[in-house]
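Presented below is the structure to which this report refers.
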Amino acid sequence: MRHIISILVENKFGVLARIAGMFSGRGFNIETLNVGPMTDGQFSRITATIVGDSEALDQAIKQVNKLINVLDVTEYSSGQATERELIMVKVNATAGQRSEVMQVCDIFRANIIDVSQETLNIEMTGNASKVTAFLKLIEPYGVIEMARTGNLALKRG
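Here the working numbering is used: the first residue of the sequence shown is 156, the next is one more, and so on.
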């Protein structure tokens with residue numbers, strides 16, 4: 156089962172390694188992992204998408220909560236949070252294909268952020284299913300390079 160975990164931590168050396176080690180040591184696969192500082196720089200938010208058993212996850216969350224420098228741990232149940240990913244893709248786009256690629260970008264509200272004679276760099280944000288649908292439509296043009304953030308999430312309301 157897929158779980159989204161948000162962990163608020165003090166922005167200190169080694170915190171991420173301890174948290175990742177806690178989950179991997181208990182047999183969880185960390186599907187995506189994002190870390191970013193909060194506005195003041197003293198704290199960071201870690202957003203992890205973890206695949207594993209729900210009962211074992213509850214125990215792992217309790218263990219993470221006990222770690223030094225961890226302030227808060229929240230698991231988002233389905234529908235409790237807004238989720239987004241960012242993807243950047245470099246695709247082949249000859250002059251003849253460029254308008255087709257631009258149409259796909261328009262449908263998904265993607266932005267073309269760099270243009271060369273043979274390629275386009277595109278950025279797109281959305282939930283995981285939207286990103287996957289975009290990739291399926293853009294793949295036939297030839298994906299040269301790709302970077303994908305994985306989930307970021309905030310509680311609704």
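The C-beta atom is built at its ideal place from N, Cα and C for all residues, glycine as well. All of these numbers come straight from a predicted model, not from anything done at the bench.
Collapsing the DSSP output to three states places Phe263 in coil. The C-beta separation of Ile216 from Glu230 comes to about 6 Å, placing the pair in contact by the 8 Å criterion. In the DSSP assignment, Ile223 falls outside any alpha helix (DSSP H), carrying neither H nor E. As summarised for the stretch 240 to 304, the continuous beta strand (DSSP E) elements at least 3 residues long and confined to that stretch are 266 to 270, 274 to 281, 298 to 303, given in chain order. Per DSSP, Ser233 is not a residue of any beta strand (DSSP E), being assigned neither H nor E. Per DSSP, the unbroken alpha helix (DSSP H) holding Phe178 starts and ends at 170 to 180.
The alpha-carbon separation between Leu222 and Ile174 amounts to approximately 8 Å.
Between Ala308 and Ser254, the alpha-carbon positions lie close to 33 Å from each other. Burial check for Thr202: the Cβ neighbour count within 10 Å reaches 16 or more, so the residue is buried.
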